[in-house]
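Trainee: Residue numbers (numbering that gives the first Met the number 0): 0 to 243. We put the beta carbon where it would ideally sit given N, CA and C, even for glycine. Model, not experiment: these values are computed from the prediction. Attaching a single structure in structure tokens format; questions to follow.
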Amino acid sequence: MSLALMVLAALCLAYFLVLLVGAGVRSGFIWFWAAAGAVLAALAWAQHRHPLPPAFWAVLAVFAAVGLLLFGGTVLRILGHYRDRGEPGLDAVLVLGAQVKGDRLSRALRYRLDAALAYWRDNPGTAVVVSGGQGTGETATEAEVMARYLRSQGVPEERILREERSTSTRENLLFSRQLLPPGCRRVGIVTSSFHLYRALKTAEKLLPDVRVCGIAARSERIPQVHYLLREFLAVCKYRITGIL
């Protein structure tokens, strides 16, 4: 048991380093992997010094099994939207914001914008709503940086609508619905593949009079497990708080 725990601890710590150094992920949630590694290492040390009672491991196994079942079911729903490409002739596409570096696009945000651009070039009559406020370390709103990039890629200014107050997925959708063109009935939600399930479920609740579909942007491969775990916890939080 101690050896298995130490192997798991090493894997968590190694993944943390890969995320931080190799993949360049800077979100606070990456520290989950360091914390998990530390907890597993402490359990291994405790088990080696003084074996913990069987009842402890039995309870832990039950919690782990339930957690894995919930995680697996949610991940299947998330993965089901990884290849969403929207529908032709949507009234609008809504691009959800992501962190910018000063006033420069992050890779995640550029991927989202490129997915929106690919759709818009096939459907130039569709309005593009860009949504995102200004956070720590950002010298301009995410929406402004996004609009600037779209203009540089040939999208006319009159086709771009900006929502510049939001700080979360829920606010992206809540504030952006006020900007949708009159008579708008079909909207494509553009966001990272791993984020699309939660965004669509939230949109279905906040935009009951609009038919929504997904347009998935690519996401980095190495942090996929990290992204999926973070999304699972976010979906759980949204369900507990009644957002979903």
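(1) Tell me whether ASP121 is buried or exposed, calling it buried when 16 or more other Cβ atoms sit within 10 Å of its Cβ.
(2) Please confirm whether GLY14 and TRP30 have their CB atoms less than 9 Å apart.
(3) Count the other CB atoms within 10 Å of the CB of ALA60; is the residue buried (16 or more) or exposed (fewer)?
(4) Does ASP90 pass the burial test, meaning 16 or more other C-beta atoms within 10 Å, or should it be called exposed?
(5) In three-state terms, what does DSSP make of GLY96?
(6) Going by Cα to Cα distance, which pick from LEU172, LEU199, ALA126 is closest to PRO155?
(7) When the cut-off is 9 Å and only beta carbons count, does HIS49 lie next to chain D?
(8) Check whether the Cβ atoms of VAL189 and VAL92 lie closer than 9 Å to each other.
(9) So LEU18 and VAL24 are supposed to be a Cβ contact under 8 Å. How far apart are they, rounded?
(10) Within 8 Å, do at least three Cβ pairs link the segment 73-86 to the segment 49-65?
(11) Compute the beta-carbon to beta-carbon distance between ALA107 and VAL94, rounded to the nearest angstrom, for a pair I have assumed lies under 8 Å.
(12) Just list the residues that DSSP pairs ILE188 with in beta bridges.
(13) Kindly give me the distance between the Cβ atoms of CYS212 and ASP83, rounded to whole angstroms, as I take these residues to be in contact under 8 Å.
(14) VAL186: buried (16+ other C-beta within 10 angstroms of its C-beta) or exposed?
(15) Helix, strand or coil for GLU163 per DSSP?
(16) Among HIS225, LEU232, ILE221, ALA41, which has the Cα closest to the Cα of ARG197?
(17) In whole angstroms, what separates the C-alpha of SER192 from that of ALA202?
(18) Quick one, which of ILE214, THR240, GLY134, ARG229 has its alpha-carbon nearest GLY79's?
(19) Between the Cα of TRP119 and those of LEU149, ARG238, LEU39, GLY131, spot the shortest distance and give me the residue it belongs to.
(20) Take ARG229 and list the residues in its own chain whose beta-carbon comes closer than 6 Å to its own, dropping the five residues that flank it on each side.
(21) Rounded to whole angstroms, what is the Cα-Cα separation between ALA41 and LEU2?
Mentor: In terms of the structure at hand:
(1) Taking a 10 Å sphere around the C-beta of ASP121, we find fewer than 16 other C-beta atoms and assign the residue as exposed.
(2) Sequence check: residue 14 is Tyr here, not Gly. Between TYR14 and TRP30, the C-beta gap is not smaller than 9 Å, which leaves the two residues out of contact.
(3) Note on ALA60: under 16 other CB atoms within 10 angstroms of its CB, so exposed under the neighbour-count rule.
(4) Of the residues assessed, ASP90 falls on the buried side of the cut-off, its CB having 16 or more other CB atoms within 10 angstroms.
(5) Residue state, collapsed to three classes: coil.
(6) The closest CA to that of PRO155, considering only LEU172, LEU199, ALA126, is found on ALA126.
(7) Given the protein chain composition of this structure (a single chain), no chain D is represented.
(8) Against a cut-off of 9 Å, the Cβ pair of VAL92 and VAL189 comes out as a contact.
(9) Taking 8 Å as the upper bound for CB-CB distance, LEU18 and VAL24 are in contact here, some 4 Å apart.
(10) They do not touch, by the three-pair rule.
(11) That pair is no contact at about 12 Å.
(12) Beta-bridge annotation (DSSP): ILE188 is paired with LEU93, GLY213.
(13) That pair is a contact at about 7 Å.
(14) So VAL186 ends up on the buried side.
(15) The DSSP-derived three-state label of GLU163 is coil.
(16) Among HIS225, LEU232, ILE221, ALA41, the Cα nearest to that of ARG197 is on LEU232.
(17) Within the model, the alpha-carbon separation for SER192 versus ALA202 is close to 15 Å.
(18) With distances taken between CA atoms, GLY79 lies nearest to ILE214 out of ILE214, THR240, GLY134, ARG229.
(19) Per the C-alpha coordinates, the member of LEU149, ARG238, LEU39, GLY131 positioned closest to TRP119 is LEU149.
(20) For ARG229, where only same-chain residues beyond five positions count, the Cβ hits under 6 Å are PHE28.
(21) About 12 Å.
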